[in-house]
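Chemist: Before I ask anything, let me first share the structure, which is written out below as structure tokens.
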Ligand code: NAD
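In the working numbering, the protein residues as written are 1419 to 1680.
Okay, here's the thing in structure tokens:
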């Protein structure tokens, strides 16, 4: 088996596919032979020629809306003839203390990071059950493994996402549907990270603080790349992981292990 075609003829949906981890995952899955449908509520014009060359179909999809999500899943399953893979990467951050969080901000964070995964999983599992099973990978966060003080609402959304992943894994093993999550640490070249760093008065110092909290990132003097997260997703959706379900793989340089040495 050539590694380039690990996913030959598989049909995949990637939410949040326009940017960062979702974009890197869409491109990697396509390179390994999958027919990829990338849904995002924001289109990035520069993606068009790259996605077109990779055979990736871009669709407008707000994961907070069931009608959008259902259309994305149904289009992939109908035109691809099946649905094998769902990667839930759409997500938003919320760095704010709980006393300052508005109801609208809570809803936006939980609706995107959690309800969006529920909606996509619901419609994807219905399709996967009609076929030979499938694989779902949720992009959670180190914050889902070890909650943080600076973003309680985001940490809650990701902690719940890890629990959701494990529960669905238990429910749907009998359908040959595997459900796993990946928990990244600080990932560079993502709009989420850039938005956070842009708010910081001293960007270089903020980067150093992030590296200090992640032992391997610190040792390599760089953040994690979107491609390094996508590589874990590729493993989880491939047949190499056929007996792997309910796991939360930390791609965080050791950030969620505990308190690093000073
Ligand atoms: P990103 O901002 O580059 O990508 C997120 C994508 O999700 C964007 O393209 C955005 O348009 C899309 N999106 C947001 N809300 C949406 C909605 N309602 N409907 C459809 N699309 C929507 O950032 P990223 O880092 O690639 O984020 C991907 C995932 O990784 C997120 O779930 C995030 O929580 C998680 N994550 C990121 C980091 C990091 O350091 N960047 C760390 C841990 C986890």
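Think of the CB as a built atom: it goes at the ideal place given N, C-alpha and C, for glycine as much as any other residue.
What's the call for residue 1581, buried or exposed, on a 16-neighbour Cβ count within 10 Å?
Modeler: For the purposes of this step, residue 1581 is taken as residue 163 along the chain shown, with counting starting at 1. With fewer than 16 Cβ atoms within 10 Å of its Cβ, residue 1581 is classed as exposed.
Chemist: Following the continuous alpha helix (DSSP H) through residue 1644, name the residue where it begins and the one where it ends.
Modeler: For the purposes of this step, residue 1644 is taken as residue 226 along the chain shown, with counting starting at 1. Unbroken alpha helix (DSSP H) run through residue 1644: 1644-1655.
Chemist: Going by the C-beta, is residue 1584 closer than 8 Å to any heavy atom of the ligand NAD?
Modeler: What you label residue 1584 is simply residue 166 of the chain shown in a count that begins at 1. Answer for residue 1584: no, Cβ out of range of the ligand NAD.
Chemist: Can you tell me whether residue 1589 is buried or exposed? The criterion is at least 16 other CB atoms within 10 Å of its CB, across all chains shown.
Modeler: Reading the chain shown from its first residue, position 171 is the one you call residue 1589. Burial call: exposed.
Chemist: Considering only heavy atoms of the ligand ZN, does any lie closer than 8 Å to the CB of residue 1530?
Modeler: No copy of the ligand ZN appears in this structure; the ligands present are the ligand NAD.
Chemist: Which residues in the same chain have their Cβ closer than 6 Å to the Cβ of residue 1486, if we skip the five residues on either side of it in sequence?
Modeler: By 1-based counting over the chain shown, the position of residue 1486 is 68. Excluding residues within five positions, the ones whose Cβ falls inside 6 Å are 1479, 1480.
Chemist: Three-state secondary structure (DSSP) at residue 1455?
Modeler: Taking the first residue of the chain shown as 1, we reach residue 1455 at position 37. Of the three classes helix, strand and coil, the one that applies to residue 1455 here is strand, per DSSP.
Chemist: Quick one: residues in its chain with C-beta nearer than 6 Å to the C-beta of residue 1564, no 5 flanking neighbours on either side, listed in chain order?
Modeler: Here residue 1564 refers to the residue found at position 146 when the chain shown is read from its first residue. For residue 1564, where only same-chain residues beyond five positions count, the Cβ hits under 6 Å are 1674.
Chemist: Bridge partners of residue 1602, per DSSP?
Modeler: Position 184 of the chain shown, counted from the first residue, corresponds to residue 1602. Per DSSP, 1669.
Chemist: Going residue by residue through the region 1494-1546, where are the continuous beta strand (DSSP E) segments of at least 3 residues, counting only ones entirely within it?
Modeler: Listed in chain order, the complete beta strand (DSSP E) runs (minimum 3 residues) inside the region 1494-1546 are 1503-1506.
Chemist: Can you name, in chain order, every residue of its own chain whose Cβ lies under 7 Å from the Cβ of residue 1419, other than the five neighbours on each side?
Modeler: As a first step, residue 1419 is located in the chain shown; it is residue number 1 there, counting from the start. Interpretation of residue 1419 is limited by its pLDDT of 46, a score under 50 that renders its predicted location unreliable; no figure is taken from the coordinates.
Chemist: Assuming residue 1632 contacts residue 1577 (C-beta within less than 8 Å), just tell me the rounded distance between them.
Modeler: Counting from 1 along the chain shown, the entry for residue 1632 is found at position 214. Counting from 1 along the chain shown, the entry for residue 1577 is found at position 159. That pair is no contact at about 19 Å.
Chemist: Residue 1593 to residue 1664, Cα distance in whole Å?
Modeler: As a working mapping, residue 1593 is identified with position 175 in the chain shown. As a working mapping, residue 1664 is identified with position 246 in the chain shown. Near 14 Å, if we compare the C-alpha coordinates of residue 1664 and residue 1593.
Chemist: Run the proximity test for residue 1441: is its beta-carbon closer than 8 Å to any non-hydrogen atom belonging to the ligand NAD?
Modeler: Counted from its first residue, the chain shown places residue 1441 at position 23. At least one heavy atom of the ligand NAD is nearer than 8 Å to the Cβ of residue 1441, so yes.
Chemist: In or out: residue 1573 buried (at least 16 other Cβ within 10 Å) or exposed?
Modeler: For the purposes of this step, residue 1573 is taken as the residue at position 155 of the chain shown. Buried is the call here.
Chemist: Which term fits residue 1466, buried or exposed, when burial requires 16 or more other beta carbons within 10 angstroms of its beta carbon?
Modeler: If you number the chain shown from 1, residue 1466 lands on position 48. Flag for residue 1466 reads exposed.
Chemist: My output table needs one value for residue 1419: the three-state DSSP class, helix, strand or coil.
Modeler: Position 1 of the chain shown holds residue 1419. Confidence at residue 1419 is low in this model, with a pLDDT of 46, below 50, so its placement is unreliable and no value can be given for it.
Chemist: Between the region 1610-1624 and the region 1533-1547, can you find at least three pairs of beta-carbon atoms closer than 8 Å?
Modeler: Touching, no, given that fewer than three Cβ pairs across the two stretches are closer than 8 Å.
Chemist: Could you work out which residue in 1651, 1666, 1524 is closest to residue 1585 when comparing CA atoms only?
Modeler: For the purposes of this step, residue 1585 is taken as the residue at position 167 of the chain shown. Out of 1651, 1666, 1524, 1666 has the C-alpha closest to the C-alpha of residue 1585.
Chemist: Please check the pair residue 1430 and residue 1446, which I expect to be a contact at CB under 8 Å, by giving their CB distance rounded to whole angstroms.
Modeler: Here residue 1430 corresponds to residue number 12 of the chain shown, with the count starting at 1. Here residue 1446 corresponds to residue number 28 of the chain shown, with the count starting at 1. Not a contact, Cβ separation roughly 10 Å.
Chemist: Nearest-angstrom Cα distance between residue 1560 and residue 1606?
Modeler: Within the chain shown, the letter at position 142 stands for residue 1560. Within the chain shown, the letter at position 188 stands for residue 1606. Spanning the two alpha carbons is a distance of roughly 15 Å.
Chemist: Rounded to the nearest angstrom, what separates residue 1502 and residue 1619 at their Cα positions?
Modeler: Counting from 1 along the chain shown, the entry for residue 1502 is found at position 84. Counting from 1 along the chain shown, the entry for residue 1619 is found at position 201. Going from the Cα of residue 1502 to the Cα of residue 1619 covers about 44 Å.
Chemist: Return the Cβ separation of residue 1621 and residue 1629 in integer angstroms, given the expectation that the two are a contact with Cβ distance under 8 Å.
Modeler: Within the chain shown, the letter at position 203 stands for residue 1621. Within the chain shown, the letter at position 211 stands for residue 1629. Not confirmed; about 13 Å, so no contact.
Chemist: Here's the rule: buried if 16 or more other CB atoms are within 10 angstroms of the residue's CB, otherwise exposed. What is residue 1468?
Modeler: To locate residue 1468, count along the chain shown from 1; it is residue 50. Exposed, by the Cβ-count rule.
Chemist: Going by C-alpha to C-alpha distance, which of 1495, 1521, 1535, 1575 sits closest to residue 1547?
Modeler: For the purposes of this step, residue 1547 is taken as residue 129 along the chain shown, with counting starting at 1. That would be 1495, whose Cα lies nearest to the Cα of residue 1547.
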